[in-house]
Structures are given as structure tokens and as C-alpha cells.
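Protein chains in written order, with the numbering used here: chain A, 1 to 252; chain B, 1 to 252. Worksheet for the structure shown next.
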DNA sequence: CCTTGTGAAGCGATTCACAGCC
DNA sequence: GGCTGTGAATCGCTTCACAAGG
């Protein structure tokens, strides 16, 4: 998954060719740790919210609190992008938001297609916060030809066969799979076949794709199960402390 | 977040009180690493799918492939639950599924309430795969009283004030927030106030909750932004190799 | 044999703590 | 004086490689 993409990063000729004054730019483009990248959207969200409230400057402490992370982590993350703060003062909100947007590649609009017009697909198509700058839903698709033509929001449902044209003519880059699990692999194959290399998968299944295709999965039943684990452990603990911990034997 | 809950784990009196023959049971209840817990639902999904296809036994290699992880990782994860495999043979599908379900706390049904009956909330309410065993949507709520009484699926929308009764009478344990970002914190406060300590947040914002409340966040715009980062880095790299890398200077 | 279960090594991310700078 | 940026220390997860055992 991510680590496969990571290995692409190793173009060492940069380091041998230059003395080190390029390090900031190179660091900005190159090795941002996955864990940091995953937090950047949160920082951007927090910055946007601060900007809306008219705040123009923040310390790492304040921004970290707003984004729900520690200030040390925030500073380390930002240090991978470059040096955009002022010591003794903090960060300028607009500037930092711009730099993060640039790092994430949100200065351009990425064309997105949603596949699967069931409940979830229609909700996603209608979801406005979805288009939080940087993304543009250009097509809604469904395998069921009887749905083709149906208007959803201000787009009409198209057929899967249109994928090649979307990639070729409209530079479609990102596919969102909102189908049931049993058709998700088929949809993924078609997306990949058409040239899409970034997929957001809402179906509760693992997709098998070539190593240069990036898949991210969103699955609410997985999330609920993780919550259940902790909820259960919590209540289980109460039981254990009630009986004064003589043995670790638990009745099943 | 997770680490806050983690600190609860340190009840050392177990180790001092017993010699070590309880370690298996204790390990099963206690220190399963967060990263492992987060993968268990995926294993369960894969096992369910295998069982449906009539397969009754798997090796760690096969199951790992089906779940999209390495076999070493799978074995290490399972070792935290106990020793349920047979050397030289593999795992019995049904047995392992049962053990994982037990570890996750899915042998009981957790009552869930969904708050926010916009597009997303209604889609979640209708989402069947949602009730993949272990969860039971017992209530749909909305702050807007004009929606109260509206039928959604086989439930009618209820008012926020019903939360206390739901926790008290129906043991509501998990709240799903499907509201816009600006009302999410208010909803979280009400959930926490009523006694809910596990929250799944679909709103694109950070929730401020007491440290004993666990929040997991699902945010598709975050996911899209992570995909955009990699997509951009990929196309950016092509540009760099085209010009033969003399200096790391990148035109912005 | 073959595959599990697991110490030990390796690696990446987080945290600490302070030098550097405004 | 106060806050950023960062080497160094630490922590936890992943991977390796092999002993244990059917």
C-alpha cells in the first residue's frame, strides 16, 4: 500500500548533485512521512476554521489544540514542509494554509467520479462539504444501465463504459467506489483499466490492484467494531475490579 | 485519543498477584496493541467471506492475502488473542471468526443511535452492511424538531431530548454523528452528557470530549486529500525526471 | 514436512528538551 | 521572553527468522 509508493521516492541523484541548499525544496517534495501527510488535512481544516473567525496568527500550541494533536507533533509535521513560522510569534494562518494546500496538491482541482448510485453514492454525490476545495465531482456512474440518465443533483448518471473517455478527455484522476462489496472488485478493475490510479473505497472489502494504484478504504462497520472493542473492554474492566482480581480467569 | 484510553490499561496488580499462567487470558483481555485491534475487523470480514465460500480452514498466508496484510503481521496480531491455530495446518475458519468476534465484543449487540438526518444520516440509517452483526440501530435523532416523527426506514426520527432515556432504558452505547460540522460539537456534548462514551464522527471537525470518551472520525475529504497528495507527487515526479535533475529547484 | 507462535532485530513515528532566532 | 525548528531519546509497530509442534 503506502510503502509501495514510498519506494518510488529513492532518487538519490539529488543529494549527490547539490550541496544542501536545495534541501528545503526537496524535503517539501520528497520524504514527508505518511503519518504526517495523513494529518495535514486536519491542520488545514483547523486553519480554515481559524481564518473564518478572523484569526490571522496562531502558535503551534493553539493550532495543535484546534487540530487535536500535540504541539511537538504539529511542529515536526510542519517542519517537513519547510520553515513557515516565526520564532517567538507563531504562524500566519493564511500563509500556512496556502503552504499546506500546495503540499497536498490542492491548488489544482482534481476531477472525481463516484461509482455506485445506491443510498451511499447518492449521499456522497449530494454531500457538499465533500467539495471542500480541491475536488470536483465530474461524473456519477452505475453499472445498472436502467439508472443511466437519472438526474442526481446537477449531474446525470452515466454508464461504466464512459470511464475511458472521462480519463482521456476530463483527466479523471480519482475514483470513489460506493457499491456493495460484491461488485467493488469489478468496479476497481474497470477504474484501473481506464487509467485511474487513486481509489477511495467505501465497500467493506479488500481491493486487489496493481502496486502503483493507491487505495484508501473508509468503512464504518470497521470503525464501529473498534469502538465496540474499547466499549467492551471498559465494561469488562469494571467486572474485574468488582471481583478483587485473585485470578485472571474470565468466564466465557 | 487512543493513548488516553491506553493509560487505563496499567493495572499492574495482575502481574504481581499471579505467576504467569494467566498471561494468555490476561493478554487476550488487556494489552492488544491499537494497531492490531484496528485490523481485526478486516480479518473477520475475510473469514466471513471464506466461510460463505464454504472454506473451513486457512493458513496465515491465505488469510493474510485475503485481508491485504503480510502473514507475519497477521500471525502476530492473532497471537495477541491466544493460540487458536494448529501448527502445520492453519486456522479453522469458524473458530477463528468466533474468537475474533469475542475479542471485539461482538457476541452482544451494541445499541447505536444516529444523530443528524441529512443526506448522510439517512444513507447511514438505510445502510444494511452497517448492521454486519454486532450493532443495532435503535434510534435516529435530529435537532430540528420539524423532522421529528418522520419515518426513515422502519424508525421514526426522535428528538435530542430522548437521549437520556435511550441510554438509561435501552443501554445506548454508541453515537454516530452525521450532522454538519457546526453542530457536531453540540451534539457530542449532548451525547456525552447523556452518558455515551463511544462516538463515531462523520463531521469534518475535531470534537472536544472528556478523556474517557472515545471518538473515531471518518472523513472522506481527508481521505481524498491524502489521495491528492500522492497523485500530485506522482505527476510531479514525471516532470522532474523529464528535466534531467540538475538542480532541485521547482517552479511554483 | 509444513505452518504456527514468538523472541529479537529493525524501523518509523512520537516525544523530549533545548539551541536558535525573532 | 517566547515560540519555532530540530537533533537525540524513546516508544511501539513491523519484519525477520527460527524453534516448537502437529
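Positions of the beta carbon are idealized from the N, C-alpha and C atoms, including for glycine. Computed from a predicted model, the values in this text were never measured in an experiment.
Compare the C-alpha of residue i against each of the options and name the closest.
| i | options | result |
| --- | --- | --- |
| residue 99/A | 229/B, 197/B, 234/B | 229/B |
| residue 126/B | 194/A, 87/A, 119/A, 53/A | 119/A |
| residue 111/B | 95/B, 90/B, 138/B | 138/B |
| residue 201/A | 189/A, 216/A, 236/A, 48/A | 216/A |
| residue 124/B | 232/A, 227/A, 234/A, 220/A | 220/A |
| residue 134/A | 227/B, 235/B, 234/B, 33/B | 227/B |
| residue 183/A | 144/A, 172/A, 211/A, 33/A | 144/A |
| residue 163/B | 203/B, 97/B, 62/B, 192/B | 192/B |
| residue 95/A | 43/A, 197/A, 174/A, 67/A | 43/A |
| residue 172/A | 194/A, 83/A, 236/A | 194/A |
| residue 66/A | 73/B, 205/B, 225/B | 205/B |
| residue 31/B | 166/B, 82/B, 181/B | 82/B |
| residue 58/A | 86/A, 235/A, 185/A | 86/A |
| residue 89/B | 62/B, 101/B, 165/B, 113/B | 62/B |
| residue 181/B | 79/A, 37/A, 49/A | 49/A |
| residue 154/B | 136/B, 166/B, 169/B | 136/B |
| residue 84/B | 97/B, 174/B, 72/B | 97/B |
| residue 68/B | 225/A, 211/A, 236/A | 211/A |
| residue 236/A | 103/B, 114/B, 150/B, 168/B | 103/B |
| residue 203/A | 168/A, 101/A, 114/A, 80/A | 114/A |
| residue 33/A | 53/A, 73/A, 54/A | 73/A |
| residue 77/B | 151/B, 170/B, 37/B, 54/B | 37/B |
| residue 223/B | 199/A, 207/A, 79/A, 101/A | 199/A |
Measure the CB-CB distance between residue i and residue j and report whether it falls below 7 Å.
| i | j | result |
| --- | --- | --- |
| residue 35/A | residue 121/A | no |
| residue 160/A | residue 141/A | yes |
| residue 117/B | residue 157/B | yes |
| residue 105/B | residue 232/A | yes |
| residue 213/A | residue 197/A | yes |
| residue 56/A | residue 64/A | no |
| residue 60/A | residue 75/A | yes |
| residue 209/B | residue 188/B | yes |
| residue 46/A | residue 93/A | no |
| residue 185/A | residue 41/B | no |
Under DSSP, the beta strand (DSSP E) around residue i begins and ends at which residues?
| i | result |
| --- | --- |
| residue 91/B | 90-92 |
| residue 198/B | 198-201 |
What span of residues does the alpha helix (DSSP H) with residue i cover, start to end?
| i | result |
| --- | --- |
| residue 156/B | Counting along the chain, residue 156/B falls outside any alpha helix (DSSP H), though it belongs to the beta strand (DSSP E) covering 155-159. |
| residue 41/B | 34-52 |
| residue 78/B | 71-79 |
Please name the residue or residues paired with residue i in a DSSP beta bridge.
| i | result |
| --- | --- |
| residue 217/A | 201/A |
| residue 174/A | 112/A, 198/A |
| residue 57/A | 92/A |
| residue 85/B | 91/B |
| residue 152/A | 155/A |
Segments assigned beta strand (DSSP E), at least 3 residues, entirely inside the region 94-141 of chain B
Along the length of the region 94-141 of chain B, whole beta strand (DSSP E) runs at least 3 residues long occupy 110-115, reported in chain order.
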